[in-house]
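Some notes on the structure that comes next.
Encoded structure:
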C-alpha cells in the first residue's frame, strides 16, 4: 500500500542534486509587520510538514519561505553561509558529524519527529533469510551506519567491537561477520529507492524521507523497520546564537503542537512518528529518577533518626 501523498513539488534547479521550490503561497503580501523565515527542507515529509505549519504561522504574521532540497549536503552549507535561517532534514548524529567534518557551528533548536529507517527486499521476507555473501545496499551517510548495523546485531548475524555505543558504530567496527555480508555504502541516500526498484542488491536500507518520496510505505513495504524509540530524532537546525530568535522559537512550538503532531500521525500512519510519541520513555526515566531520589532521601532521614536515637 502506498502512502497518501501530497502533490510532488516542482523542481527549479539547474543541477539534479537540488530542487528548490517555494511552497508557501504567493498570496502572502509582504507587510511591515510580517517576519519571513527562510528554511531548507527535504521534500517529504519535512517540507510537507512545514507547509502545514505555515498555515498556522501565517495567521501570526510569520511567513515560511521553504526551499526544497533533495540532498543531504546543501542544507547545512546554506544555513552556515546565512542563505537560510533554519533547516529541517536531519537527525542529531548527522548534525554533529556535519559540524565536525565541515567546521560548521550549527545547533539543534529542538526535535520534531522520528523517521524509522527500514529494510527493503524484493527477494526475501526477513534479513535472517539472507544468503551468505548477500549485498546490503546502504547510503554513504556515515552517521547512519550504527542504526544500519543494529538490524543485524539484533538478529545475532554480526558482532561489533565491545564498548562501542550503537549510534557511534561504523562498518569497520564489525568484528564478526560469519555470513560475509557485503555492506555496500557507495550510494547517495537519495539514489537508494531507484536501486531497490531495479533490485540491485539483496536488501536495500532506505531513510524514510526518501522512501516516502519514492512512493514506498516504510511500515507496509519493508521487511524490517527501526523501533520508534530510535535516538535519531529529526530536528530543526539553526546557527549558533539564533536559538532565542522569537520567530524560530515559535516555529518549533508550532511543529511540536498537537495540531501538527496529529497531522503527522494521520498523514504518515506510523512511517513518521511525532516527537511527543517518543517522550514517554524519557518521562518514565525521569519519574524513575525522582523515585530513586525520594528513596535516597528517605533512607538518609531514617539513618539520621537512628543516629540521633543512638546519641540519646
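Numbering (UniProt numbering), first residue to last: 1 to 312. Each residue gets a CB set at the ideal place from its N, CA and C atoms; glycine is no exception.
Beta-carbon proximity of residue i to residue j, cut-off 9 Å
i, j, result
"residue 38", "residue 109", "no"
"residue 103", "residue 76", "no"
"residue 42", "residue 116", "no"
"residue 327", "residue 196", "Because the chain here runs from 1 to 312, residue 327 falls outside it and cannot be looked at."
"residue 315", "residue 119", "The structure shown does not extend to residue 315, since the chain spans only 1 to 312, so no value can be given for it."
"residue 107", "residue 239", "yes"
"residue 91", "residue 143", "yes"
"residue 276", "residue 256", "yes"
"residue 138", "residue 185", "yes"
"residue 166", "residue 149", "yes"
"residue 254", "residue 44", "no"
"residue 89", "residue 194", "no"
"residue 182", "residue 136", "yes"
"residue 321", "residue 114", "Because residue 321 is not part of the residues shown, which for the chain are 1 to 312, the question remains open."
"residue 78", "residue 64", "no"
"residue 252", "residue 236", "yes"
"residue 163", "residue 93", "no"
"residue 130", "residue 157", "yes"
"residue 151", "residue 226", "yes"
"residue 159", "residue 176", "yes"
"residue 191", "residue 207", "no"
"residue 105", "residue 80", "yes"
"residue 133", "residue 180", "yes"
Helix, strand or coil at residue i according to DSSP, with G and I counted as helix
i, result
"residue 196", "helix"
"residue 150", "helix"
"residue 2", "Caution is warranted here: a pLDDT of 46 is assigned to residue 2, below 50, making its placement in the model unreliable, and the coordinate value is therefore given only provisionally. Here residue 2 sits in coil by DSSP."
"residue 183", "strand"
"residue 245", "coil"
"residue 275", "helix"
"residue 170", "coil"
"residue 315", "Because residue 315 is not part of the residues shown, which for the chain are 1 to 312, the question remains open."
"residue 234", "strand"
"residue 49", "helix"
"residue 264", "helix"
"residue 224", "strand"
For residue i: DSSP bridge partner residues
i, result
"residue 64", "37"
"residue 176", "159"
"residue 206", "118"
"residue 250", "Answer by DSSP bridge pairing: none, since residue 250 is not bridged."
Min CB distance residue i to chain D below 9 Å
i, result
"residue 98", "No chain D is present in this structure, which holds just one protein chain."
query = Counting only runs that start and end within the region 80 to 162, where is the beta strand (DSSP E) found for 3 or more residues in a row?
reply = Taking only runs of at least 3 residues, the beta strand (DSSP E) segments lying wholly in the region 80 to 162 are 86 to 91, 106 to 114, 118 to 120 and 135 to 139.
ask   = At a cut of 8 Å, does the region 198 to 209 reach the region 57 to 65 through at least three beta carbon pairs?
value = A contact between stretches requires three or more CB pairs, one per stretch, nearer than 8 Å, and the region 198 to 209 fails this requirement with the region 57 to 65.
query = Between the region 209 to 226 and the region 162 to 173, do at least 3 Cβ pairs fall closer than 8 Å?
reply = Counting Cβ pairs under 8 Å, fewer than three are found: no touch.
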